[in-house]
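Beneath this line is the structure, given in structure tokens, with notes to follow.
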Amino acid sequence: MEKFNLKAKRPLIISGPCSAETEEQTLETCKRLAATGKIDVLRAGIWKPRTKPGSFEGVGIKGLAWLAKAREITGLPIAVEVATSKHVENALEFDVDILWIGARTTVNPFSVQDIADALRGTDKTILIKNPMHPDIDLWAGAVARLTNVGIDINNIGLIHRGFSHFGNSKFRNSPMWHLVVEMRNRFPDMPMICDPSHICGCSELLHEVSQQAADLRFDGLILESHICPSEALSDAAQQIVPEEMGELISSINWRADSVDSADYLKELDNNRQQIDQIDSELFYLLNQRMQVADKIGALKRDNNVAILQGGRWNNIVDKVVGSKKLNLSEPFIRTILEAIHLESISRQNEIMNK
Numbered sequence: 005m006e007k008f009n010l011k012a013k014r015p016l017i018i019s020g021p022c023s024a025e026t027e028e029q030t031l032e033t034c035k036r037l038a039a040t041g042k043i044d045v046l047r048a049g050i051w052k053p054r055t056k057p058g059s060f061e062g063v064g065i066k067g068l069a070w071l072a073k074a075r076e077i078t079g080l081p082i083a084v085e086v087a088t089s090k091h092v093e094n095a096l097e098f099d100v101d102i103l104w105i106g107a108r109t110t111v112n113p114f115s116v117q118d119i120a121d122a123l124r125g126t127d128k129t130i131l132i133k134n135p136m137h138p139d140i141d142l143w144a145g146a147v148a149r150l151t152n153v154g155i156d157i158n159n160i161g162l163i164h165r166g167f168s169h170f171g172n173s174k175f176r177n178s179p180m181w182h183l184v185v186e187m188r189n190r191f192p193d194m195p196m197i198c199d200p201s202h203i204c205g206c207s208e209l210l211h212e213v214s215q216q217a218a219d220l221r222f223d224g225l226i227l228e229s230h231i232c233p234s235e236a237l238s239d240a241a242q243q244i245v246p247e248e249m250g251e252l253i254s255s256i257n258w259r260a261d262s263v264d265s266a267d268y269l270k271e272l273d274n275n276r277q278q279i280d281q282i283d284s285e286l287f288y289l290l291n292q293r294m295q296v297a298d299k300i301g302a303l304k305r306d307n308n309v310a311i312l313q314g315g316r317w318n319n320i321v322d323k324v325v326g327s328k329k330l331n332l333s334e335p336f337i338r339t340i341l342e343a344i345h346l347e348s349i350s351r352q353n354e355i356m357n358k
């Protein structure tokens, strides 16, 4: 097959089983996915880094032969995750079209460098998943390690699979879309692919997250499929059968970046001007609020009173969150209030320790 071009198609859809378990399961899944006409690249987990030893950790190199056979049958390129230089060596032996670095590997600069060194001199397409925890510098650092060994930046793409988080959430990994926006600002021309399977952790939320990714101008999706999800040896809850995958992809609305309409552009400009004005007023009010917080800090300092007054802050949060007049989500309100609170504490701490 000719060299894979990462930027040739948008959206780029990658799908296949979380794990290659048997030759029959791998080939059947890939053939049925190809039959939908909605899949551009086939994927399968060959080596599976698991949280606990004793779990299914992949079939290893023989799975590459199954995936290569699926490519031969379907004519579609193939993709696998690599976590070590040996994995890279094996993947290159089977001429795998796309190699991706997983979240558990991106978090470790030593591992990323090991992989980068093994890739030196290749022209393969490399995708990099975000690190498990929300650290943009680690993600960007992985890109730098690849380019530093001579990998063409046009052969590098990013995968957003969500971030580990503390507390309750309907998602397995929190999307934290704002971090993706920051990463795209750093690499505006680098394709960004969303991984709804790992964000959701369950099949019920796949459409919601996939559509949100499309609305945020992602360049494609990587999703997991299995001929019998309930019997899958890894991540059963987030996989769907190939025919459902075809329906899911068909249901997503990939909207245009813009519309060449004078009326649209005029109204858009008017609304943006309103936002700019409101933002100006909003930050002016925040500045005034911080000046009052400074006065409180000085008052507490002069009277030898501690900064934190827990009951007071809890009352503020309860009052704002409980307001019936605000058409705002509670997580958004709490995020804004927490940022304001932290800034107030920081300023008061500085005043009290002058």
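Counting from 1 along the sequence shown, just add 4 to a position and that's the residue number in this note's numbering.
We put the beta carbon where it would ideally sit given N, CA and C, even for glycine.
Source: prediction; values computed, not measured.
Provide the residue span of the beta strand (DSSP E) that contains T26, from first to last.
Here residue 26 refers to the residue found at position 22 when the sequence shown is read from its first residue. That residue, T26, is in no beta strand (DSSP E); it is neither H nor E in DSSP.
Determine the closest residue to I82 out of T88, A48 and I65, with distance taken between C-alpha atoms.
Taking the sequence shown and counting its residues from 1, the one referred to as residue 82 is at position 78. Measuring from the Cα of I82, the nearest candidate turns out to be A48.
Between G315 and R351, how many whole angstroms is the CB-CB distance? I'm expecting something under 8 Å.
Translated into the one-based positions of the sequence shown, residue 315 becomes position 311. Translated into the one-based positions of the sequence shown, residue 351 becomes position 347. That pair is no contact at about 21 Å.
Report yes if the CB atom of R305 is closer than 7 Å to the CB atom of M356, and no otherwise.
What you label residue 305 is simply residue 301 of the sequence shown in a count that begins at 1. What you label residue 356 is simply residue 352 of the sequence shown in a count that begins at 1. Going by C-beta atoms, R305 is nearer than 7 Å to M356.
Confirm, please, whether the CB-CB distance from A38 to T30 is below 7 Å.
Residue numbering aside, residue 30 sits at position 26 when the sequence shown is read from its first letter. Residue numbering aside, residue 38 sits at position 34 when the sequence shown is read from its first letter. For T30 and A38, no; Cβs fall outside 7 Å.
Tell me whether R47 sits in a helix, a strand or coil according to DSSP, three-state version.
Reading the sequence shown from its first residue, position 43 is the one you call residue 47. Three-state result, R47: strand.
Local Cβ density within 10 Å of L346, reported as buried at 16 or more and exposed below that:
Taking the sequence shown and counting its residues from 1, one reaches residue 346 at position 342. Exposed, by the Cβ-count rule.
Taking its Cβ as the centre, do 16 or more other Cβ atoms sit within 10 Å of T33, making it buried, or is it exposed?
Numbered from 1 along the sequence shown, position 29 holds the residue referred to as residue 33. Its Cβ being crowded by 16 or more others within 10 Å, T33 is buried.
Segments assigned beta strand (DSSP E), at least 3 residues, entirely inside the stretch 60–139:
82–86, 102–105 and 129–133
Within 10 Å of its beta-carbon, does Q295 have 16 or more other beta-carbons around it, so buried, or fewer, so exposed?
Residue mapping note: residue 295 aligns to position 291 of the sequence shown, counting from 1. With fewer than 16 other Cβ atoms within 10 Å, it is exposed.
Does the stretch 221–228 come close enough to the stretch 11–28 to have 3 or more Cβ pairs within less than 8 Å?
yes
Could you spell out where the alpha helix (DSSP H) holding S19 opens and where it closes?
Translated into the one-based positions of the sequence shown, residue 19 becomes position 15. No alpha helix (DSSP H) holds S19; the beta strand (DSSP E) holding it covers L16 to G20.
C206 to T110 span [Cα, whole Å]:
Residue numbering aside, residue 206 sits at position 202 when the sequence shown is read from its first letter. Residue numbering aside, residue 110 sits at position 106 when the sequence shown is read from its first letter. When rounded, the distance between both Cα atoms is 24 Å.
Measure the alpha-carbon distance for E61 versus D298 and round it to whole angstroms.
Counted from its first residue, the sequence shown places residue 61 at position 57. Counted from its first residue, the sequence shown places residue 298 at position 294. Computed Cα separation, rounded: 56 Å.
So, H202 versus S168, is the Cβ gap smaller than 7 Å?
Numbered from its first residue, the sequence shown carries residue 202 at position 198. Numbered from its first residue, the sequence shown carries residue 168 at position 164. No.
Name the one or two DSSP bridge partners that E271 has.
Within the sequence shown, the letter at position 267 stands for residue 271. Answer is none; E271 lacks a bridge partner.
Would you decide whether K13 is buried or exposed? Buried here means 16 or more other CB atoms lie within 10 Å of its CB.
Translated into the one-based positions of the sequence shown, residue 13 becomes position 9. With fewer than 16 other Cβ atoms within 10 Å, it is exposed.
Looking only at its own chain, which residues have a Cβ that is under 7 Å from the Cβ of F8, when we skip the five neighbours before and after it?
Numbered from its first residue, the sequence shown carries residue 8 at position 4. Only P81, D101, I102 and T129 meet the Cβ criterion.
Option in I320, N353 and K328 with minimal Cα separation from L341:
On the sequence shown, residue 341 is found 337 positions in, with the first residue counted as 1. Considering only alpha carbons, the answer is I320.
Does the count of Cβ pairs from the stretch 145–153 and the stretch 108–128 closer than 8 Å reach three?
yes
Cα-Cα, which of P233, L210 and I197 is closest to R176?
What you label residue 176 is simply residue 172 of the sequence shown in a count that begins at 1. Comparing Cα-Cα distances from R176 to each of P233, L210 and I197, the minimum goes to L210.
CA-CA distance, D280 and S262?
On the sequence shown, residue 280 is found 276 positions in, with the first residue counted as 1. On the sequence shown, residue 262 is found 258 positions in, with the first residue counted as 1. The straight-line gap from Cα to Cα measures roughly 20 Å.
S348 versus K358: straight-line alpha-carbon distance, rounded:
For this step, residue 348 is matched to residue 344 along the sequence shown. For this step, residue 358 is matched to residue 354 along the sequence shown. Rounded to whole angstroms, S348 to K358 spans 16 Å at the Cα level.
If you run the structure through DSSP and keep just helix, strand and coil, what is H164?
As a first step, residue 164 must be located in the sequence shown, where it is residue number 160. In the structure shown, H164 sits in a strand (DSSP, three-state: E or B).
Let's see if you can read the secondary structure: which residues bound the beta strand (DSSP E) around I197?
Taking the first residue of the sequence shown as position 1, residue 197 is located at position 193. Per DSSP, I197 belongs to the beta strand (DSSP E) from M196 to C198.
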